[in-house]
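What follows is a set of notes on a single structure, which appears directly below.
Protein chains in written order, with the working numbering: chain A, 53 to 250; chain B, 53 to 250.
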């Protein structure tokens, strides 16, 4: 059988949608890889450079931004996080499938990338929670957060949910295993894309 | 969950690729429907009009051709066969998935259809045999055919195999169950297309 390029599986959805669990399970089963992100924050105890993150000083991070080196990047709590285009392209060229768990802004950034390898490999999915009621249940989950915090999460999730029509594929969450069957089916089927053959 | 339109699953591949077995299994499992074809040939004993085929006189068939009523049609051994666009669109609008087992010409005809329902629903797949050697084994299968007949089948199959790049998806046949897993995954994933939501 001819070799192929990897699939770039881009997954978004609000917290409470279950998207992170889906991505992790895919990676745990060895079906897809996470790329190693870059960050300007300091390593926590036990974190390894090049494994958990590429740790880099802010100047180098900004330099990469200016060079167009990032597929996507964002600032969270004063730290920068980003995914190097070169990192992802290297995996895809080896025929490895890459899963990226990104918010709507990050997904837009990846989609707008002109690199032909990225364009060919890309498939995007939005995972929605089943209902507002169930979303609230999931966001309350830990039971330790104040009503105010839960309401804020709920507001953010509802805001993010508006953007599903930007995505080619959509899963409305039903249950863990049903969702995963669909999720994995999407990856399996994207591997069959004739345009990914080398 | 919101309702959706059906997927139109278009499958091609030479004899010996196993595509017909894949399509039948999908239909037998209730995952997709075959549309009822029209034909100008006479019913065989036990065949029911509207179930096995829509039996129609040649004049009506030709009239439908001229009216652009067929999604695809072909002549085989002096008889006409065709699929009515209206028949397929009615199934898709009900949210039923339709599988069509067509040759390269038939697939081109469906792809060129301008009906927005067809355009939205369409996914096309080419099933290739694993190797020329295995193809020959499969085509010899029944063991009752002359060398000449087998060589002709082989020639036709090799000719048809050239057209796989016209298709978005491709399965290179490995084994019955592996192929079916990929095949069904493609259907399952196409159901997730955001553009099919009503």
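For each residue, glycine too, the CB sits at the ideal point set by N, CA and C.
key: Bridge partner(s) assigned by DSSP for residue 177(B)   = Taking the first residue of the second chain as position 1, residue 177(B) is located at position 125. 63(B), 221(B).
ask   = For residue 137(B) versus residue 167(B), is the C-beta spacing smaller than 8 angstroms?
value = Translated into the one-based positions of the second chain, residue 137(B) becomes position 85. Translated into the one-based positions of the second chain, residue 167(B) becomes position 115. For residue 137(B) and residue 167(B), yes; Cβs fall inside 8 angstroms.
inquiry  = Need the endpoints of the alpha helix (DSSP H) that residue 183(A) sits in, please.
reply    = Sequence index remark: in the first chain, residue 183(A) carries index 131 (1-based). Where residue 183(A) is concerned, there is no enclosing alpha helix (DSSP H), given that its DSSP letter is neither H nor E.
ask   = In chain B, which residues lie less than 9 angstroms from residue 222(A) when you measure between Cβ atoms?
value = For this step, residue 222(A) is matched to residue 170 along the first chain. In chain order: 244, 245, 246, 249.
inquiry  = Is the separation between the beta-carbon of residue 162(A) and that of residue 150(A) shorter than 8 angstroms?
reply    = Position 110 of the first chain, counted from the start, is the residue given in the question as residue 162(A). Position 98 of the first chain, counted from the start, is the residue given in the question as residue 150(A). Taking 8 angstroms as the Cβ cut-off, residue 162(A) and residue 150(A) do not qualify as a contacting pair.
query = In this structure, does DSSP put residue 89(A) in helix, strand or coil?
reply = Position 37 of the first chain holds residue 89(A). Of the three classes helix, strand and coil, the one that applies to residue 89(A) here is coil, per DSSP.
request  = Return the residue from the list 57(A), 236(A), 250(A) that minimises the CA-CA distance to residue 143(A).
outcome  = For this step, residue 143(A) is matched to residue 91 along the first chain. When C-alpha distances from residue 143(A) are compared across 57(A), 236(A), 250(A), the shortest belongs to 57(A).
ask   = Looking only at C-alpha atoms, which of 223(B), 228(B), 175(B), 191(B) sits nearest to residue 248(A)?
value = The sequence position of residue 248(A) within the first chain is 196, counting from 1. Measuring from the Cα of residue 248(A), the nearest candidate turns out to be 223(B).
key: Three-state secondary structure (DSSP) of residue 215(B)   = Translated into the one-based positions of the second chain, residue 215(B) becomes position 163. Under the three-state reduction of DSSP output, residue 215(B) falls in the coil class, being neither helix nor strand.
task = Using beta-carbon positions only, say whether residue 235(B) and residue 62(B) come within less than 8 angstroms of one another.
result = The residue given as residue 235(B) occupies position 183 in the second chain. The residue given as residue 62(B) occupies position 10 in the second chain. In terms of Cβ geometry, residue 235(B) and residue 62(B) do not form a close pair [threshold 8 angstroms].
query = Could you give the C-beta distance for residue 225(A) and residue 179(A), rounded to a whole number, given that I count them as a contact under 8 angstroms?
reply = Counted from its first residue, the first chain places residue 225(A) at position 173. Counted from its first residue, the first chain places residue 179(A) at position 127. Rounded, the Cβ-Cβ distance is 6 angstroms, consistent with contact.
message = Just to confirm my understanding: we take residue 152(B), look at its own chain, exclude 5 residues before and 5 after, and list those with CB closer than 6 angstroms. What are they?
response = Here the question's residue 152(B) lines up with position 100 in the second chain. Excluding residues within five positions, the ones whose Cβ falls inside 6 angstroms are 62.
ask   = Does any C-beta atom of chain B lie closer than 8 angstroms to the C-beta of residue 234(A)?
value = Numbered from its first residue, the first chain carries residue 234(A) at position 182. Flagged as an interface residue toward chain B: residue 234(A), by a C-beta distance shorter than 8 angstroms.
query = Of all the CB atoms in chain A, is at least one closer than 8 angstroms to the CB of residue 238(B)?
reply = For the purposes of this step, residue 238(B) is taken as residue 186 along the second chain, with counting starting at 1. Against chain A, the CB of residue 238(B) has a partner CB under 8 angstroms away; the residue lies at that interface.
task = Could you have a look at residue 127(A) and say whether DSSP puts it in helix, strand or coil?
result = On the first chain, residue 127(A) is found 75 positions in, with the first residue counted as 1. Residue 127(A): strand per DSSP, three-state reduction.
task = Determine the DSSP secondary structure at residue 80(B), reduced to helix, strand or coil.
result = Here residue 80(B) is taken as the residue at index 28 of the second chain, counted from 1. In this structure, residue 80(B) counts as helix in the three-state DSSP scheme.
inquiry  = Only counting the same chain, and skipping five residues up and downstream in sequence, which positions put a Cβ closer than 7 angstroms to that of residue 147(A)?
reply    = Position 95 of the first chain holds residue 147(A). Hits under 7 angstroms: 55, 56, 57, 58.
ask   = Checking contacts by CB at 8 angstroms: is residue 241(A) closer than that to chain B?
value = Mapped onto the first chain, residue 241(A) falls at position 189. Judged by the 8 angstroms Cβ criterion, residue 241(A) is in contact with chain B.
inquiry  = Please confirm whether residue 57(A) has its beta-carbon closer than 8 angstroms to some beta-carbon of chain B.
reply    = Indexing the first chain from 1 puts residue 57(A) at position 5. Residue 57(A) is outside the set of residues whose beta carbon lies under 8 angstroms from a beta carbon in chain B.
task = Run the CB neighbour count on residue 250(B), radius 10 Å, all protein chains shown included, and call it buried at 16 or more, exposed below.
result = Within the second chain, the letter at position 198 stands for residue 250(B). When all chains shown are included, residue 250(B) counts as exposed.
ask   = Closest Cβ-Cβ distance between residue 105(A) and chain B: below 8 angstroms?
value = The residue given as residue 105(A) occupies position 53 in the first chain. The beta carbon of residue 105(A) does not come within 8 angstroms of any beta carbon belonging to chain B, so the residue lies off that interface.
query = On the three-pair Cβ rule with 8 angstroms, is the region 65 to 72 of chain B touching the region 195 to 213 of chain B?
reply = Contact between the region 65 to 72 of chain B and the region 195 to 213 of chain B is established, with three or more Cβ pairs separated by less than 8 angstroms.
inquiry  = Using the three-state DSSP reduction, which class does residue 197(A) fall into: helix, strand or coil?
reply    = Position 145 of the first chain, counted from the first residue, corresponds to residue 197(A). The three-state reading of DSSP puts residue 197(A) in coil, since its state is none of H, G, I, E or B.
inquiry  = Distance cutoff 8 angstroms, beta carbons only. Does residue 217(B) sit that close to anything in chain A?
reply    = Locating residue 217(B) in the second chain gives position 165, counting from the first residue. Among the CB atoms of chain A, one or more fall inside 8 angstroms of the CB of residue 217(B).
query = Rounded C-beta distance between residue 74(A) and residue 232(A)? I'm assuming under 8 angstroms.
reply = Numbered from 1 along the first chain, position 22 holds the residue referred to as residue 74(A). Numbered from 1 along the first chain, position 180 holds the residue referred to as residue 232(A). Right, the Cβ-Cβ distance comes to about 6 angstroms (below 8 angstroms), so this counts as a contact.
ask   = So, helix, strand or coil for residue 152(B), using DSSP?
value = Start at 1 with the first residue of the second chain, and residue 152(B) comes out as number 100. In the structure shown, residue 152(B) sits in a strand (DSSP, three-state: E or B).
task = Would you kindly report the start and end of the unbroken alpha helix (DSSP H) that includes residue 232(A)?
result = Along the first chain, read from residue 1 onward, the residue named residue 232(A) stands at position 180. Membership of residue 232(A) in the alpha helix (DSSP H) is indicated by the continuous run 228 to 242.
ask   = Secondary structure at residue 100(A), three-state DSSP: helix, strand or coil?
value = Taking the first residue of the first chain as position 1, residue 100(A) is located at position 48. Three-state DSSP puts residue 100(A) in coil, outside helix and strand.
request  = Return the bridge partner residues of residue 135(A) from the DSSP annotation.
outcome  = Reading the first chain from its first residue, position 83 is the one you call residue 135(A). Paired residue(s): 124(A).
ask   = Within this structure, are the beta carbons of residue 237(A) and residue 89(B) separated by less than 8 angstroms?
value = Position 185 of the first chain, counted from the start, is the residue given in the question as residue 237(A). Position 37 of the second chain, counted from the start, is the residue given in the question as residue 89(B). The answer is no: Cβ separation not under 8 angstroms.
key: Reference residue 177(A), options 91(B), 246(B), 71(B), 206(B), closest by Cα   = Within the first chain, the letter at position 125 stands for residue 177(A). Ranking the options by Cα distance to residue 177(A), first place goes to 246(B).
ask   = So is residue 115(A) buried or exposed if we call it buried at 16+ other beta carbons inside 10 Å?
value = By 1-based counting over the first chain, the position of residue 115(A) is 63. When all chains shown are included, residue 115(A) counts as exposed.
query = Nearest to residue 227(A) by alpha carbon, out of 215(A), 187(A), 83(A)?
reply = As a working mapping, residue 227(A) is identified with position 175 in the first chain. That would be 187(A), whose Cα lies nearest to the Cα of residue 227(A).
query = Roughly how many whole angstroms lie between the Cα atoms of residue 76(B) and residue 185(B)?
reply = On the second chain, position 24 is the one that residue 76(B) refers to. On the second chain, position 133 is the one that residue 185(B) refers to. Cα to Cα, the separation comes out at about 25 angstroms.
query = Are the C-beta of residue 53(A) and some C-beta of chain B separated by less than 8 angstroms?
reply = The count along the first chain starts at 1 and reaches residue 53(A) at position 1. Low per-residue confidence applies at residue 53(A): pLDDT is 49, beneath 50, and the placement is therefore not dependable, though the value from the model is reported in the following sentence. Yes, contact with chain B.
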